[in-house]
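Following the numbering used here, the numbering of the sequence shown begins with 8 at its first residue and continues without gaps.
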Amino acid sequence: LYDGQKQKKKWERTLGTNVLVPSAAGVLHHMTE
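Next comes the structure, spelled out in structure tokens:
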């Protein structure tokens, strides 16, 4: 759970846009499935 939060923070910093975080996480999830 902690690692997931860390990854989310990383994406938020990288993209700088909260709107892109969910979609990016969704794409990443599908890629790692």
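Note that beta-carbon positions come from the ideal geometry of N, C-alpha and C, so glycine has one too. On a predicted model such as this, the values are computed, not experimentally measured, just so you know.
Alpha carbon of residue i to alpha carbon of residue j, nearest angstrom
| i | j | result |
| --- | --- | --- |
| HIS36 | LYS16 | 16 Å |
Contacting residues, own chain, Cβ-Cβ under 6 Å from residue i (five flanking each side not counted)
| i | result |
| --- | --- |
| ALA32 | none |
Cut-off 7 Å between Cβ atoms - residues of its own chain near residue i, not counting five sequence neighbours on either side
| i | result |
| --- | --- |
| GLU40 | none |
Contact set for residue i: own chain, Cβ-Cβ below 8 Å, skip 5 residues either direction
| i | result |
| --- | --- |
| GLY11 | none |
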